[in-house]
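So for the sequence shown, my numbering puts the first residue at 177; every next one is plus one.
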Amino acid sequence: MMKRLFLPLLVLLAQTADAQTTSAPTTPAPTTAAQAALLVPYSQRMADAFMSWHPDSIVIGSRKTARWDYEQGLMLKALERVWQRTGDAKYFTYIQKDLDQYVRKDGTIRTYKADEYQLDNLTTGHALLLLAQVSGPNQEKYTKAAQLLRKQLDTQPRTNEGGFWHKKIYPDQMWLDGLYMAGPFYAEYSRLFNQPAGLDDVAKQFELIEKRLVDPKTGLLYHGYDESREQAWASKTTGQSPHFWDRGIGWYAMALVDVLDYFPENHPQRPVLINALQRLAPVLAKYQDVKTGTWNLVMGEEGRKGNYGEASGSSMFVYALAKGVRLGYIDKKYFAVARKGYYGVITSFLETSTKGAVSLVGTVSVGGLGGKPYRDGSYEYYLSEPLRKNDLKGVGPFILASTEMEIAAEAIPIKLKKDGLPPKELKVGLDYYFNHETRKNTFSGEPEQWHYTWEERTHGGFWLWGNQLRELGARTVAVTEAPTTASLKPLSVYVIVDPDTRKESPQPNYIKDADSKVITEWVRGGGTLVLLANDTANCEIRHFNKLAQNFGVQFTSQSVNMVQGSRFEQGRVDLTPGNAVFKKATSAYIKEVAVLSVAAPAQALVTNNGKVIMATARLGKGKVFVLGDPWLYNEYMDGRKIPASFPNFQAGKDLGRWLLGK
C-alpha cells in the first residue's frame with residue numbers, strides 16, 4: 177500500500193534546514209524498521225529504491241531492452257553524488273556494473289551510434305570520466321570511451337552561430353535539454369584533458385541560449401529555437417517555440433550549476449555563466465506556486481485550465497537554486513525558495529509504503545518538438561503527454577535535490593561577527609610545499625603534483641575528504657609556497673601531510689625553524705593545525721618533529737597496526753576515547769601508523785593497546801590534531817577496499833566538523 181508521505185516535523189527540518197541560520201536537530205530514536213527507514217536521508221532512500229527497480233540494468237520507460245541513454249547518465253550522476261555523500265561502495269559498484277554492460281575493452285560502446293549526432297548520448301560521459309579517474313581496473317577503456325563520445329562533438333552539426341544541433345534529425349535547432357546533455361561532460365572533459373578551447377565552446381552554447389531563447393518580458397526560456405524558421409512550431413520572426421516548458425528550463429538550470437564546477441575562477445566566461453544563473457534565480461522565485469512551492473508544467477500559464485505542478489522540473493529547480501546558494505553564485509535568499517520547493521516536492525509527489533520505501537509520482541513522461549508524430553509545442557501538446565510514476569527524469573533530479581538539502585542541513589552555521597563585519601571564510605589549506613611529489617598527468621600528459629592532494633581521485637588523493645570539508649561549508653585551497661604570516665592568515669585550518677624525503681623528491685623542502693615559528697604563532701593566534709605523518713620509513717620525520725615538538729608531540733620510530741594482507745582487523749582503532757572529536761564514528765581502520773609521544777600542552781586523544789595513536793593540543797587561541805598516518809586518503813574513505821564495519825568516512829566528517837569549529 178502506498179500513501180502520500182508526511183514526515184515528522186523534526187525529520188523534515190533535519191533534511192531541509194537553512195545552513196545559514198541553523199543546524200540539524202536531533203531526531204528521536206526509531207522503534208520500528210519503518211521508522212528507521214524514515215530517518216535515512218531521502219537521497220539514499222530514493223537511490224536504494226531505484227536500484228531495487230533496476231537491479232541488473234536500466235531499462236527506460238516502456239522499452240524491452242537497455243541501451244545507452246541520457247536517463248542512464250542522469251541516474252549514474254545521482255548515484256555518484258550519493259556515493260560521495262556516504263562512502264557506501266554499493267552506489268559506486270552499481271555505476272561500474274552498469275557501464276561495464278556497454279563499454280568494451282577497446283573503448284567502443286554497445287548501442288551507441290555516433291552518426292546519429294544526438295547530444296543525449298553524451299550525458300553518460302560523466303560516469304566514464306569518473307571511472308577513468310578513480311583507482312580501479314580497466315581505467316583505460318573508460319578513458320577511450322569518453323574520448324569516443326568527445327569525438328562526436330568535433331563533427332556535431334551546428335547552427336550558423338556555432339550552436340550544437342540537438343540531434344541530426346532536428347536540423348538547425350537548439351533545445352534547452354541539450355545544454356545538460358552535453359555541457360557538463362564537455363566541460364569536465366575539457367578541464368581534465370587541459371583543452372581550454374573546449375571550455376570556451378561550452379560557454380558559447382550558453383551564450384547562444386541566453387541570446388536566442390530568453391523571453392525579455394518574463395525572463396523565462398522558450399523550449400527550443402529553429403534558426404531556419406522552417407519548423408511549424410517555430411516563430412517566423414524569432415525562431416522560438418511558443419511555450420516555456422518547466423523541465424526544459426530545469427535542464428538548463430542544472431547545466432549552469434554543473435558546468436561551473438569545471439570553469440577555473442580566472443576563466444573570462446565564468447562570470448558570464450554566473451550572471452546567467454543570477455538572472456534566472458529571481459525568475460524561478462517569481463513563478464513558484466505560492467501554496468504548493470512547486471512549479472507548473474507550462475510556466476507563464478499558471479492558473480490556465482489543465483496546467484499542473486510537475487515533479488521533475490520542480491526537483492531540478494530546487495537542485496539548481498540550492499547548489500547555487502551553497503557555492504555562492506546566487507544570493508542566499510534563494511535558499512528559502514529551494515527549501516519551499518523541496519517541501520512542496522515531498523508533500524505533493526513523494527509516496528511511501530508502510531515499510532518506508534519511497535516512490536515519486538507526477539513526472540511528465542516526455543516533452544519535445546517536431547518529430548513523428550509531430551509535436552507542435554502548443555499548450556495542449558505539453559498537457560497531452562502522460563504522467564509516469566518513478567520516471568527517472570524525476571527520480572534523478574529528486575536525488576540530486578535531496579543531496580543539496582542534506583548538505584545544507586549539515587553545513588557549519590555561519591557565525592556573524594560582533595562588529596557587524598562579514599564573517600571570515602572557512603578556508604582549509606593543504607600543504608603542497610613540504611609534500612611535493614610530481615608525475616605526468618594521465619590525461620593531459622603534463623607534469624602535475626600528486627599524492628595527498630585535493631584534486632587527486634586515485635587512491636592516494638584527498639578528494640573525498642576535501643569534498644566533505646567543502647560540503648561542511650569550507651573552501652579547500654592549496655598552499656604551494658613555504659608558509660608565511662601573510663599566507664596563513666586567511667586560513668582557518670592548515671593541513672601538513674607526509675613531508676617528502678629525498679626518495680620522494682630530489683630536492684625536498686624540509687620544514688625549517690623559521691617555518692615552525694610562523695606556523696606556531698599562527699596557531700597561537702587562533703589557527704587550527706593538522707599534522708599527519710607516516711611510518712618513519714616513508715616520511716621525513718626529523719624536521720617534522722621540530723614543528724610537532726612546539727605542541728608537545730613527537731612521532732616515534734615505532735609503528736603499529738602492521739596489517740598482513742586482508743586481515744583488516746589488525747588495523748582496527750577504537751575511537752570512543754576520542755569522542756570529543758569523533759562524535760559518531762566509533763572505530764576506524766588505520767594501518768602502519770607511527771606511535772606518538774605526548775607531553776604538555778598536548779594530550780592523548782586515542783590510544784590503541786596502550787600506544788598513543790592520535791593527540792590534540794591547545795596553544796593560545798588555536799588547536800592542533802596529530803596522527804602518525806595520512807589516513808583519510810581516498811583508498812580508506814570510498815568504501816571499496818576496507819569492510820563497511822570501519823566507518824572511516826564518518827570519522828573524516830567528524831574530524832572535519834571539529835577542525836572547522838563545530
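Don't be surprised by glycine CBs; every beta carbon is placed ideally from N, CA and C.
Beta-carbon gap between residue i and residue j smaller than 8 Å
i: G621; j: G703; result: no
i: N784; j: D830; result: no
i: Q349; j: Y401; result: yes
i: L536; j: F511; result: no
i: Q445; j: G517; result: no
i: V802; j: V729; result: yes
i: T413; j: G476; result: no
i: Y346; j: G546; result: yes
i: L375; j: A358; result: no
Boundaries (first-last residue) of the alpha helix (DSSP H) holding residue i
i: M492; result: A487 to R502
i: G572; result: L568 to E586
i: F382; result: P372 to L389
i: M222; result: Y218 to W229
i: L559; result: Y555 to S560
i: E647; result: W639 to E647
i: Y518; result: Y510 to F525
i: T161; result: The structure shown does not extend to residue 161, since the chain is modelled only from 177 through 838, so no value can be given for it.
i: K320; result: Q315 to T331
i: L304; result: G301 to Q309
i: V448; result: R446 to K462
i: T712; result: T712 -> no alpha helix (DSSP H), and no H or E assigned at all.
i: S663; result: T661 to L664
Own chain, CB closer than 6 Å to residue i, minus 5 neighbours either side, in chain order
i: E839; result: The displayed coordinates of the chain run from 177 to 838. Any statement about residue 839 would go beyond what the structure contains.
i: L325; result: L298 and G301
i: T287; result: R243 and W244
i: A290; result: Q328
i: Y278; result: W244, I285 and R286
i: L781; result: G754, M790, A791 and T792
Span of the beta strand (DSSP E) around residue i
i: Q625; result: P623 to W626
i: R845; result: Nothing in the structure corresponds to residue 845, since the chain is present only between 177 and 838.
i: A793; result: K787 to L795
i: E613; result: E613 to K616
i: Q779; result: A778 to N784
i: V694; result: First-last for V694: D689 to R700, but that is the alpha helix (DSSP H), not the beta strand (DSSP E).
i: Y401; result: G400 to D402
8 Å Cβ shell around residue i - same chain, five flanking residues per side excluded
i: L185; result: The predicted model places L185 with a pLDDT of 36, which falls under 50 and marks its position as unreliable; any figure quoted below should be read in that light. The answer is none, since no qualifying residue turns up.
i: N611; result: H627, Y628, I672, V673, D674, P675 and D676
i: D805; result: L708, A709, N710, D711, I766, K767, E768, V769 and A770
i: K281; result: N314 and K317
i: V542; result: E561
i: Y356; result: T299, W427, Y428, M430, A431 and D434
i: Y608; result: Q625, T629, A654, V655 and T656
Rounded Cβ spacing between residue i and residue j (contact assumed at less than 8 Å)
i: D567; j: T523; result: Incorrect: roughly 19 Å between the Cβ atoms, too far for contact.
i: L648; j: G832; result: 5 Å
i: A577; j: A498; result: 7 Å
i: L453; j: L432; result: 5 Å
i: F744; j: A793; result: F744 to A793, Cβ: 30 Å. No contact.
i: E292; j: K343; result: 7 Å
i: L808; j: W641; result: 4 Å
As assigned by DSSP and simplified to three states, the class of residue i
i: R243; result: coil
i: W351; result: strand
i: M738; result: coil
i: T413; result: coil
i: W421; result: strand
i: I766; result: coil
i: G469; result: coil
i: S821; result: coil
i: V771; result: strand
i: K393; result: coil
i: Y670; result: strand
i: S535; result: strand
i: G339; result: coil
i: L751; result: coil
i: L803; result: strand
Sequence-distant residues of the same chain with beta carbon closer than 7 Å to residue i, five excluded per side
i: Q272; result: L307
i: D264; result: G815
i: G354; result: L295, F340 and H342
i: G701; result: G796, K797 and G798
i: P360; result: H302, A431, D434 and V435
i: V390; result: L397
i: A457; result: L497, G500, I506 and Y510
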